[in-house]
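Below: one structure, written as structure tokens.
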Amino acid sequence: MTPTYDKVHNRFKYNGLHFSHEELKEVAYSLVKEGKPYEKVTGDFLLDWLNKEDYLYVTTSGSTGQPKQIKLKKQAMVNSAIATGNSFGLEPGDTALHCLPSHFIAGKMMFVRALVLGLEIDFVEPSAHPIFDYEKKYDFCAMIPLQLKNTINHVQNIKTIIVGGSKVTKPLLLKIKDSLPKFYETYGMTETVTHVAVRSLESKSSNKEEFFNAIENVSFSVDDRSCLVIHAPKLVKEDLITNDIVELKSKTSFKLFGRFDNVINSGGVKLFPEQIEDKIQPVINHRFIIGSEEDGVLGEKLILIIENPTASADEILKAIVDLKVLTKFEIPKKVYTINKFSETVNGKIQRDKTIKAVLES
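Taken in order, the sequence shown gives residues 1 to 361; the numbers are from UniProt numbering.
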């Protein structure tokens with residue numbers, strides 16, 4: 001029998017204590033009334049989850065546009081939790097570390113997974129450098145790349161870590177390679193109730209996968225732009241057409257290239273900023289993005305925008321050329337600097353806003 005959103009699993013624990021449906025309401029009221037700011041947000045979410053409505057509203061991150069509220073069915077969130085549990089072999093009584101903010105879908109879903117699957121969840125203050133019991137063994141945890149970067153030397157007792165929300169950088173991938181847990185990069189969005197696909201990253205416990213693989217009851221196709229179309233009837237009623245350009249390996253597996261709206265046409269050559277950024281990461285120690293500006297000859301020419309670099313533009317370009325991994329079309333024609341990237345409220349770079357700010361300054 002499929003669990004339903006109005007039940008609390010009898011093995012569920014929150015910071016070491018089990019609570020029934022009604023008891024958890026009291027905890028939520030207490031968090032709202034007396035908790036720290038991050039706990040108040042959690043209390044509000046729990047009250048929404050435990051009420052009699054079969055839906056709730058969730059705010060999108062705003063990484064590809066203005067943040068907006070969307071309506072999600074609670075049963076779809078339950079279905080997502082079950083699929084995650086099956087993907088990673090989570091069992092009642094397993095331990096989970098929760099260090100994500102409850103404002104957004106990823107943080108909300110950690111609680112839903114615990115409530116539905118019967119996990120013993122420890123919730124710590126969400127921050128760029130979460131503080132938790134480094135000696136305690138955990139079966140499951142979700143982090144954004146910045147959190148993982150700051151705690152990579154303290155995660156040896158966590159069995160499985162999923163990483164999402166923004167790109168996993170090459171320097172972080174190198175650190176993951178020498179770490180013990182199993183790491184998985186996730187693909188998904190608020191509309192799909194967090195991830196619909198995962199791929200394992202190379203570590204001491206797992207091999208690297210090039211392709212993302214669907215969770216159960218999810219399949220993929222592509223449209224005429226080669227953009228991913230998500231079929232997930234247990235999560236969202238209608239097919240979801242994305243702007244992510246992919247190569248399909250099968251109906252349940254794909255390789256991600258970049259966003260359709262980021263593609264740059266320079267002299268008739270299509271360039272994917274995300275792929276170029278991957279190639280030049282080793283020689284740039286600051287946050288950066290690849291963009292474009294109008295050019296009379298090429299139509300669009302490639303530009304590099306760096307946040308507060310310590311090296312000069314000439315030094316950076318020389319280091320990029322010396323890598324010898326770029327084609328002549330992929331070498332930036334100009335370097336711009338900016339004091340601070342435009343960001344969403346949860347720290348994702350807003351690419352279009354940043355490029356616009358640089359070119360208009």
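All C-beta atoms in this analysis are idealised placements derived from N, C-alpha and C, irrespective of residue type, glycine included.
Contacts around residue i, its chain only, beta-carbon distance under 6 Å, and the 5 residues preceding and following it disregarded
i	result
residue 83	215, 216
residue 141	97, 158, 161
residue 105	58, 190, 194
residue 166	145, 348
residue 353	342
residue 107	100, 101
Whole-number beta carbon distance between residue j and residue i, since they are thought to touch under 8 Å
i	j	result
residue 138	residue 194	Incorrect: roughly 19 Å between the Cβ atoms, too far for contact.
residue 97	residue 132	6 Å
residue 4	residue 112	That belief does not hold up - the Cβ atoms of residue 4 and residue 112 are roughly 12 Å apart, past 8 Å.
residue 74	residue 56	6 Å
residue 265	residue 299	6 Å
residue 344	residue 61	5 Å
residue 246	residue 257	6 Å
7 Å Cβ shell around residue i - same chain, five flanking residues per side excluded
i	result
residue 155	161, 179, 181
residue 115	8, 9, 12
residue 22	none
residue 6	none
residue 303	291, 292, 293, 332, 333, 334, 336
residue 286	306, 307, 308, 309
Per-residue burial, residue i [other beta carbons within 10 Å of its own, 16 or more giving buried]
i	result
residue 244	buried
residue 72	buried
residue 147	buried
residue 410	Shown here, the chain extends from 1 to 361; a query on residue 410 therefore has no answer.
residue 17	exposed
residue 225	exposed
residue 186	buried
residue 76	buried
residue 292	buried
residue 207	exposed
residue 163	buried
residue 168	buried
residue 203	buried
residue 130	buried
residue 70	exposed
residue 128	exposed
residue 184	buried
Contact set for residue i: own chain, Cβ-Cβ below 8 Å, skip 5 residues either direction
i	result
residue 38	101, 102, 125, 126
residue 211	199, 249, 253, 254, 255
residue 394	A query on residue 394 cannot be resolved here, the shown segment of the chain reaching from 1 to 361 and no further.
residue 337	305, 306, 307, 308, 309, 313
residue 152	172, 175, 176, 179
residue 15	121, 122, 123
residue 229	220, 221, 222, 223, 239, 240, 241, 242
Counterpart residues of residue i in DSSP-defined beta bridges
i	result
residue 200	184
residue 230	220, 240
residue 338	307
residue 194	189
residue 13	120
residue 329	For residue 329, which the question treats as bridged, DSSP gives no partner whatsoever.
residue 214	197
residue 343	349
Neighbour flag for residue i against chain B, beta carbons, 8 Å
i	result
residue 168	Here chain B cannot be found, since the structure has a single protein chain.
Taking the runs of the alpha helix (DSSP H) that are 4 residues or longer, which of them lie wholly in the region 28-106? 37-50, 74-88
Residue ranges of each alpha helix (DSSP H) run of no fewer than 4 residues wholly in the region 106-179, ordered along the chain? 145-151, 170-177
Threshold first: 3 residues or longer. Then list the beta strand (DSSP E) segments lying entirely within the region 239-323, N to C. 240-250, 253-259, 264-266, 269-271, 288-295, 299-307
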